[in-house]
Amino acid sequence: MMNLKNKISASFFNDFERWPLWAPVFLGIGISLYFSLSFEPPFWWVGGGIFFFLSLWGVRLLSIRLVILILAFISLGFSAAILRTHFLKTEMLHYPLRPLSLEGRVRQVEFKPTQQGTFYQRILLSDLRAKTSEKLPQKIRLSIKGKKERLWPGQVIRIKAKLNPVSEPFVPQGFDFRRQAYFNGIGATGFALSDPKILRSSPSWGDLFEKRRTQITVYFLEHMPPPLGAIAASLITGDKAAIPEEIREDFINSGLAHILAISGLHLSIIAGVVFMIIRRGIALIPPFCLAYNSKKIAAVGTIFMTLLYLILSGFGIPAQRAFIMISLVMGAILINRTALSARTVALAAFVILLITPEALLGPSFQLSFAAVVALITGYEAWKNPVARWMMGGGIFRRLFVYGVGLGFTSLLATLATLPFTIYLFYRFSLHAIEANLLAVPLTSLVIMPSALLTCLLTPLGLGEGPLWVFENSLILLIKITTTVGALRGANIWVPPPPFLAFILIVLGGLWLCIWQQPWRRLGLLPMGIGFLISFGGEPPHLLIDGQGKLAAVYDKKTLHLSSLRKGKFTAETWQKYLAVKDVKSMLCENGVCRTSFQNIPIVISDDKDQQPCVKNAVLIRLEPSKTTCPDAYLTLDWYDLWRGGGHALWLTPKGPYLEKVREIQGQRPWTRKPIHRKDRPMNK
4 MMNLKNKISA
14 SFFNDFERWP
24 LWAPVFLGIG
34 ISLYFSLSFE
44 PPFWWVGGGI
54 FFFLSLWGVR
64 LLSIRLVILI
74 LAFISLGFSA
84 AILRTHFLKT
94 EMLHYPLRPL
104 SLEGRVRQVE
114 FKPTQQGTFY
124 QRILLSDLRA
134 KTSEKLPQKI
144 RLSIKGKKER
154 LWPGQVIRIK
164 AKLNPVSEPF
174 VPQGFDFRRQ
184 AYFNGIGATG
194 FALSDPKILR
204 SSPSWGDLFE
214 KRRTQITVYF
224 LEHMPPPLGA
234 IAASLITGDK
244 AAIPEEIRED
254 FINSGLAHIL
264 AISGLHLSII
274 AGVVFMIIRR
284 GIALIPPFCL
294 AYNSKKIAAV
304 GTIFMTLLYL
314 ILSGFGIPAQ
324 RAFIMISLVM
334 GAILINRTAL
344 SARTVALAAF
354 VILLITPEAL
364 LGPSFQLSFA
374 AVVALITGYE
384 AWKNPVARWM
394 MGGGIFRRLF
404 VYGVGLGFTS
414 LLATLATLPF
424 TIYLFYRFSL
434 HAIEANLLAV
444 PLTSLVIMPS
454 ALLTCLLTPL
464 GLGEGPLWVF
474 ENSLILLIKI
484 TTTVGALRGA
494 NIWVPPPPFL
504 AFILIVLGGL
514 WLCIWQQPWR
524 RLGLLPMGIG
534 FLISFGGEPP
544 HLLIDGQGKL
554 AAVYDKKTLH
564 LSSLRKGKFT
574 AETWQKYLAV
584 KDVKSMLCEN
594 GVCRTSFQNI
604 PIVISDDKDQ
614 QPCVKNAVLI
624 RLEPSKTTCP
634 DAYLTLDWYD
644 LWRGGGHALW
654 LTPKGPYLEK
664 VREIQGQRPW
674 TRKPIHRKDR
684 PMNK
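In our numbering, the protein residues as written are 4 to 687.
Right, dumping it as structure tokens:
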């Protein structure tokens, strides 16, 4: 026992240089604790982090100081999340509003594809004004369908619109759209009922950057055939809205969805190309090259150009991570130092989480950092043996190492992001490795350099050549995605694992990646346990939409829907969540659908005048109940959905078990509140 204790102590202190890498992990734990609460903590809880940091100065014993430091970082993450929520104060809409005439400033314009191959506009409006007693959100997202005048950021418009609250999760413990909208400052969504009338244009600096971003998107959409223009826009400006759904699905099924995002790959390619061009350009001017350090000048130019690209791309989380890491590497060049990769990614995570704590819950943050941490760990372990092996060989050995390195990179990134992909999207691909082996070199060596040259040379009238290369390389990329996406096993749906299993796998993976001493292998234990209990979850037997449009029964083989016409997006989400391919309609007549599960009758009615009472049955009434049914096994009606949101129901031998969306969410600033009609300002 004493020997084991000494080994653990020796491993811990021998990994002293890796201690700082745990700072963003503990910061993230504090943020996770905040978002896991079912109530909004009081503002004075922010003082917890300050208390623990001050406590450090009064403690001499190292072990206690480390414990207090860990608690301090956890408290700092918790406090950062409270502060972020408190100062945002996004006004959320809780019920639909009557059509009203709005006046607002256009902040963002996106182009969404239609089935006819055309585009409609989806805009972000702020500074809203309307003749209504209702309190309007600070920002809304509005769809303007049809051929309307093109809008630009910075314009002030007047438009008649119908506003609705942002959707809640479709299943308990599912992705919270309202929470995401809250931290984006968006309080409602809606659609236009009239043509927009432009009142004036007075763009701010932010609007000018957004307008330029929109102009580049429009340029690609107009000068390249679909869907090439939409993909080009997503690579350059980060605007993925114009990509058709079938193309987006091909990228997801082939494991290449990361290419459509402004990721660290894109920013790193831009940084490498810019650094090389500046340094080689200076080398062509001997007097200038001899008088100044071309490497440091190239570093400054790279930071500046990547910052412009970060602004142009809309500040995506992966792009922020890559920019911070690139800036640290270039900053190290300026002071004649070498940046350590592991510490740069830890600092990037720490900064992003401290400024935007909600990023921790987003797929962009999780997938981006999971991939880069795994890649850094893998190359730390293998770079020295590989470098020694390459020293004794020629060009063929270098080419072999390059090819194996691509495969190794794809394998590491795929394995690292697999738990997140399954937990967040309920699917994974068996062909992601071979797809990345083809697509990543194409993107790195051809697509992104030609895209950069197109953007730089087009204003000079010299962009036709790079644009031709850009178009044809995108055609090849699409062929790769469609071919791989059509292979058997390219899109395997799996039910989401229990949350505990997900956490064990993530923490075990972090332990394995962060430490370097042999005790890092202990991380395999929680990962193994997490993998085993991933198969222990029981999916819900009944699902009910919170808006009262749809209900479904799942018998472990088929999803039986109360309607194939209503709530199509909800039905698609349920289908992916349950990992079921067969979807059928129930037997319905006169607004009443009947089925059964484990010999328990299930009656679903969406007609307020047709509400049968069946003994020992589960009654789902999507309209308010007119009469009670005391002999029923369970009755749920519109009022239950209005108060609790969507429902998930398990029929167990011990009785029914219910989970409600709003019970899981708790009372948070972004939670939709059931406000009675008589309490709404428009009815007072």
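The C-beta atom is built at its ideal place from N, Cα and C for all residues, glycine as well. In this text the structure is predicted, and so the values were computed from the model without any measurement.
Terminal residues of the beta strand (DSSP E) in which R624 lies: Position 621 of the sequence shown, counted from the start, is the residue given in the question as residue 624. Start and end: 621-624.
8 Å Cβ cutoff met for L503 and P542: Along the sequence shown, one-based indexing puts residue 503 at 500. Along the sequence shown, one-based indexing puts residue 542 at 539. Not closer than 8 Å, so no.
The stretch 149-160 touching the stretch 106-123, judged by at least three CB pairs closer than 8 Å: yes
As assigned by DSSP and simplified to three states, the class of V112: In the sequence shown, the residue the question calls residue 112 occupies position 109. Residue state, collapsed to three classes: strand.
DSSP-derived helix/strand/coil call for S66: For the purposes of this step, residue 66 is taken as residue 63 along the sequence shown, with counting starting at 1. Three-state DSSP puts S66 in a helix.
T689 burial status per 10 Å Cβ neighbour count (16 or more: buried): With the chain running from 4 to 687 in the structure shown, residue 689 is simply not present.
Neighbourhood of R624 by C-beta distance below 6 Å, restricted to the same chain and skipping five residues each side: Mapped onto the sequence shown, residue 624 falls at position 621. Result list for R624: S608, Q614, D640, in chain order.
At least three beta-carbon pairs within less than 8 Å, the stretch 645-660 to the stretch 537-552: yes
Buried or exposed by the 16-neighbour rule on C-beta atoms within 10 Å, applied to F538: Walking along the sequence shown from the start, residue 538 turns up at place 535. Exposed: under 16 other Cβ atoms inside 10 Å.
Closest residue to F90 among G410, L418, T359 (Cα-Cα distance): Position 87 of the sequence shown, counted from the start, is the residue given in the question as residue 90. Considering only alpha carbons, the answer is T359.
Per DSSP, cross-strand counterpart(s) of G107: As a position in the sequence shown, residue 107 is number 104, starting the count at 1. G107 is bridged to I160.
Status (buried if at least 16 other CB within 10 Å, exposed otherwise) for K200: Looking up residue 200 in the sequence shown gives position 197. By the neighbour-count rule (16 or more Cβ atoms within 10 Å), K200 is not buried but exposed.
Counted within 10 angstroms of its Cβ, other Cβ atoms place V174 as buried (16 or more) or exposed: For the purposes of this step, residue 174 is identified with residue 171 of the sequence shown, where counting begins at 1. Result: buried.
I607 - containing beta strand (DSSP E), residue span: Counting from 1 along the sequence shown, the entry for residue 607 is found at position 604. Residues 603-608.
N-terminal and C-terminal residue of the alpha helix (DSSP H) that E592 is part of: In the sequence shown, the residue the question calls residue 592 occupies position 589. From DSSP, E592 is part of no alpha helix (DSSP H) but of the beta strand (DSSP E) over 590-592.
Segment contact, 8 Å Cβ cut-off, at least three pairs: the stretch 141-150 with the stretch 201-215: no
Where the beta strand (DSSP E) containing W653 begins and where it ends: For the purposes of this step, residue 653 is taken as residue 650 along the sequence shown, with counting starting at 1. From DSSP, the beta strand (DSSP E) with W653 extends over 650-655.
Inter-stretch contact (C-beta, 8 Å, three-pair minimum) for the stretch 166-180 and the stretch 125-132: no
Unbroken alpha helix (DSSP H) run spanning F291, endpoints: Position 288 of the sequence shown, counting from 1, holds the residue named residue 291. Counting along the chain, the alpha helix (DSSP H) containing F291 begins and ends at 289-294.
Where Y642 falls: helix, strand or coil (DSSP): Working through the sequence shown from its first residue, we reach residue 642 at position 639. Residue state, collapsed to three classes: helix.
Residues bridged to E249 [DSSP beta-bridge criterion]: The sequence position of residue 249 within the sequence shown is 246, counting from 1. E249 pairs with nothing; no bridge assigned.
For V556, three-class secondary structure by DSSP: In the sequence shown, counting from the first residue as 1, residue 556 sits at position 553. Residue state, collapsed to three classes: strand.
Beta carbon of A349 nearer than 8 Å to that of P627: To locate residue 349, count along the sequence shown from 1; it is residue 346. To locate residue 627, count along the sequence shown from 1; it is residue 624. Not closer than 8 Å, so no.
R216 burial status per 10 Å Cβ neighbour count (16 or more: buried): Indexing the sequence shown from 1 puts residue 216 at position 213. Label assigned to R216: buried.
Pick from H97, G80, S12, Q323 that is closest to L65, judged by C-alpha positions: Position 62 of the sequence shown, counting from 1, holds the residue named residue 65. Answer by Cα proximity: S12.
Counted within 10 angstroms of its Cβ, other Cβ atoms place L310 as buried (16 or more) or exposed: Here residue 310 refers to the residue found at position 307 when the sequence shown is read from its first residue. Flag for L310 reads exposed.
Terminal residues of the beta strand (DSSP E) in which Y636 lies: Here the question's residue 636 lines up with position 633 in the sequence shown. Per DSSP, Y636 belongs to no beta strand (DSSP E) and is neither H nor E.
Host beta strand (DSSP E) of D130 (start-end): As a first step, residue 130 must be located in the sequence shown, where it is residue number 127. Start and end: 122-132.
Nearest neighbour of V276, chosen from G317, G531, A301, T655 [CA to CA]: Taking the sequence shown and counting its residues from 1, the one referred to as residue 276 is at position 273. Comparing Cα-Cα distances from V276 to each of G317, G531, A301, T655, the minimum goes to A301.
Exposure label - A601; buried when at least 16 CB within 10 Å: Taking the sequence shown and counting its residues from 1, one reaches residue 601 at position 598. Correcting the residue identity first, residue 601 is Gln in this sequence and not Ala. So Q601 ends up on the exposed side.
Reduced DSSP category for E662 - H, G, I as helix; E, B as strand; rest coil: As a first step, residue 662 must be located in the sequence shown, where it is residue number 659. Looking at E662 - three-state DSSP - the assignment turns out to be strand.
Close beta carbons around G647, own chain, < 6 Å, minus the five adjacent residues each side: The residue given as residue 647 occupies position 644 in the sequence shown. Closer than 6 Å at Cβ, skipping near neighbours: K663, R665.
Bounding residues of the alpha helix (DSSP H) (the contiguous stretch that carries G33): Here residue 33 is taken as the residue at index 30 of the sequence shown, counted from 1. Counting along the chain, the alpha helix (DSSP H) containing G33 begins and ends at 26-39.
Own chain, CB closer than 6 Å to D253, minus 5 neighbours either side, in chain order: The sequence position of residue 253 within the sequence shown is 250, counting from 1. Excluding positions up to five away in sequence, the list reads T484, T485, G488.
8 Å Cβ cutoff met for F2 and L370: Lying before the first or after the last residue shown, residue 2 is absent from the chain, which here runs from 4 to 687.
CB-CB length for G81 against G51, believed under 8 Å: Against the sequence shown, residue 81 aligns to sequence position 78. Against the sequence shown, residue 51 aligns to sequence position 48. Looking at the sequence provided, one finds Phe at residue 81 rather than Gly. Confirmed, about 7 Å.
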